[in-house]
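Trainee:
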Amino acid sequence: MLVETSAPLPAFDLGPAGEAFRQEVRAFLAGQAAGGSDPASGSQPLVAAMAGRGWFGLGWPAAAGGRDASLAEQVALHEEISYRRAPVTIQLASVMLLGNSILRHGTGAQKAAFLPLIRAGQLRFCLGYSEPEAGSDLASLRTRADRDGDGWVINGQKLWTTGGHLASHVWLAARTDAGAVPKQAGLTVFLIPMDTPGITVRQHRALSGEISCTVFYDDVRVPDAARVGEVNGGWKVITDALASERVLMGGIAASLLRQLDDLLAVVRASPGARVGPRGSARRARLGELAVTLQASRALVAAAIGATAAGQGARLEAPMAGVLGGELAEAFGEAMLDILGPQAALSGDNPGVPGGGAFGYGLRLSVMYVVGGGTNDIQRGLIARGLGLPR
Ligand SMILES: Cc1cc2nc3c(=O)[nH]c(=O)nc-3n(C[C@H](O)[C@H](O)[C@H](O)COP(=O)(O)OP(=O)(O)OC[C@H]3O[C@@H](n4cnc5c(N)ncnc54)[C@H](O)[C@@H]3O)c2cc1C
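Quick note on my numbering: the sequence shown kicks off at 9 and runs consecutively.
1. Flag this pair as touching only if the region 376-385 and the region 352-363 have three or more C-beta atom pairs under 8 angstroms; answer yes or no.
2. Whose C-beta lies closer than 8 angstroms to the C-beta of threonine 204 among residues of the same chain, with five residues either side of it excluded?
3. On the three-state DSSP scale, how would you describe tryptophan 168?
4. Would you list the one or two residues that DSSP bridges to glutamine 211?
5. Tell me where the alpha helix (DSSP H) around glycine 313 begins and ends.
6. Tell me which same chain residues have a C-beta within less than 7 angstroms of the C-beta of arginine 210, skipping the five on either side of it?
7. State the Cα-Cα distance for the pair valine 274 and glutamine 267, rounded to the nearest angstrom.
8. Let me check you understand the geometry: is the CB of threonine 170 closer than 7 angstroms to at least one non-hydrogen atom of ligand 1?
9. With burial defined as no fewer than 16 other Cβ atoms inside 10 Å of the residue's Cβ, what is the status of serine 138: buried or exposed?
10. Beta-carbon within less than 6 angstroms of leucine 297's beta-carbon, same chain only, minus the 5 sequence neighbours each way: which residues are those?
11. So, with DSSP's three-state summary, where would you put histidine 113?
12. Rounded C-beta distance between valine 245 and valine 197? I'm assuming under 8 angstroms.
13. Excluding the five sequence neighbours on either side, which residues of its own chain have a C-beta within less than 6 angstroms of the C-beta of serine 45, listed in chain order?
14. Along the chain, where does the beta strand (DSSP E) that runs through arginine 61 open and close?
15. According to DSSP, is leucine 195 helix, strand or coil?
16. Determine the direct distance from the alpha carbon of glycine 73 to that of proline 47, and round the result to whole angstroms.
17. Do lysine 119 and alanine 147 have their C-beta atoms closer together than 8 angstroms?
18. Could you give the distance in angstroms between the alpha-carbon of valine 33 and the alpha-carbon of glutamine 82?
19. Give me the Cα-Cα distance between leucine 167 and proline 140, rounded to the nearest whole angstrom.
20. My assumption, with CB atoms under 8 angstroms, is that alanine 234 sits in contact with alanine 117. Please give the rounded CB distance.
21. Quick check on the burial criterion: 16 or more other C-beta atoms within 10 angstroms. Buried or exposed for valine 103?
22. In the DSSP assignment, find the alpha helix (DSSP H) that holds valine 33 and state where it starts and stops.
23. Shortest alpha-carbon distance to alanine 311 belongs to which of Thr300, Leu272, Ala325?
24. Just verifying my parser: in three-state terms, what is the DSSP assignment at threonine 382?
25. Distance, Cα to Cα, proline 69 vs arginine 75?
26. Could you work out which residue in Leu111, Thr115, Arg112, Gly107 is closest to glutamine 130 when comparing CA atoms only?
27. Rounded to whole angstroms, what's the CA-CA distance from leucine 265 to phenylalanine 366? Just pull it up for me.
28. Taking the straight line between their C-alpha atoms, what separation do you get for glycine 329 and isoleucine 162?
29. Alpha carbons only, please: which of Ala121, Ala316, Gly287, Gly332 is nearest the one belonging to alanine 303?
30. Got a sec: does ligand 1 put a non-hydrogen atom nearer than 7 angstroms to the Cβ of isoleucine 207?
31. Can you give the Cα-Cα distance for alanine 35 and valine 308, rounded to whole angstroms?
32. Starting from phenylalanine 339, trace the alpha helix (DSSP H) in both directions and tell me its first and last residue.
33. For a quick check, are the C-beta atoms of alanine 80 and leucine 22 less than 8 angstroms apart?
34. Considering only C-alpha positions, which residue in the set Val299, Val239, Arg305, Glu238 is nearest to serine 263?
35. Determine the contact status of arginine 150 and alanine 142, defining contact as a CB-CB distance below 8 angstroms.
36. When DSSP builds the beta bridges, which residues end up paired with histidine 177?
As structure tokens, then:
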């Protein structure tokens, strides 16, 4: 049916408030000029228009400048932005990854300084968690912050700091107690301007084209006011932020739906040439992708439902993450099979199907099975949630 008719995959209903807001976001995005944006900093007119509507920090309480929006409305916004590929992902990430933690753990001064910047879509941040010897096992990180009078001196090296070359601030996890047992109990989070003396950034281009950085910290002196949360209480701050990151990763289903719709548009134009006759292996592959995507969307919906009901989503969120990551890779491979190798070329080459979006999806898919916790780590969370032996 997907090939022979123009029927889309059935939608998931987020309830009256969520769906009403989805229509509002759709109408808004349809009125925005396409293109001409810088993916790193976002499209400034779009950012300003969204900030004017109070869409960054939508779910925050009114006292913090938010709109007290429901989870369904926040998810509708993320889905529509992902589906339309609107270049405001960094701004939405700053709400989820930093804003929510600052709201919960920040001082009055930090809230006053950073929440308005985040609401305006103007905080350019990067995440300083991973190190050469600390990725999945984040708690073993060794970058140190030592007391120095009223402040701290930071020494160490971070890896994979995405966007570090453009960021104004780094959200940095550092060790403040070398002997802490467990290791988690000796970490503290700092929010530091990237132009602080002693910070050196070296850029690396990832497969998808985005820039991740190795960042060196040599005797970087920061005031105690840069600390977010308690001394040695960083693990709580970090895990709060990572939980949001998993929600963002779960939202990948919306961008995969876009990939499926793009793929179907190309296939429908010449079904015989692209996927062959009914019953062919390629059609079966397309059907499998669509079914798995629908399962992934069902898991995301279940994770949203469980979170909204205050039960957390200990199983559904990592399950959605694992399935989404695997599906992103499966999409990349199926796309090569169905559209041919030229689909992997970038949009700079004339006549590339999908204008390069398929090739980009393939190269980006690696990030979905690694970033924010690898699929193996997510599987460990699922096992723990199921009560399996460690
Ligand atoms: C494109 C990209 C952007 C990124 N951006 C950022 C960023 O902005 N900021 C940041 O701090 N980090 C970032 N990261 C880093 C990312 O969080 C880490 O790569 C990830 O946590 C994995 O750590 P690692 O690379 O050290 O791999 P390792 O932890 O060394 O893992 C190697 C392999 O071992 C497996 N493994 C490890 N431990 C276990 C276990 N307990 N059980 C089962 N299997 C296990 C892993 O699944 C993996 O296959 C980014 C990574 C990528 C690829």
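Cβ coordinates follow ideal geometry from the N, Cα and C atoms, glycine included.
Mentor: On the basis of the supplied data:
1. With the cut-off at 8 angstroms, the region 376-385 and the region 352-363 do not touch.
2. Val228, Arg229, Val230
3. strand
4. According to DSSP, residue pairing for glutamine 211 in a beta bridge involves Cys221.
5. 289-316
6. Cys221, Thr222
7. 11 angstroms
8. yes
9. buried
10. Ala342
11. helix
12. 4 angstroms
13. The predicted position of serine 45 is uncertain, since its pLDDT is 43 and thus under 50; a value taken from the coordinates is nonetheless stated next. Counting only Cβ-Cβ distances below 6 angstroms, and skipping sequence neighbours, we find Ser51, Pro95.
14. Note, arginine 61: premise wrong, no beta strand (DSSP E); not H, not E.
15. Residue state, collapsed to three classes: strand.
16. In this predicted model, proline 47 has a pLDDT of only 48, less than 50, meaning its place in the structure is not dependable; the value taken from the coordinates is given anyway. If you take the alpha carbons of proline 47 and glycine 73, they lie about 26 angstroms apart.
17. no
18. Their Cα atoms are separated by approximately 11 angstroms.
19. 6 angstroms
20. That pair is no contact at about 11 angstroms.
21. buried
22. 24-38
23. Ala325
24. coil
25. 6 angstroms
26. Gly107
27. 13 angstroms
28. 33 angstroms
29. Gly332
30. no
31. 24 angstroms
32. 324-347
33. yes
34. Per the Cα distances, Arg305.
35. yes
36. Phe133, Pro201
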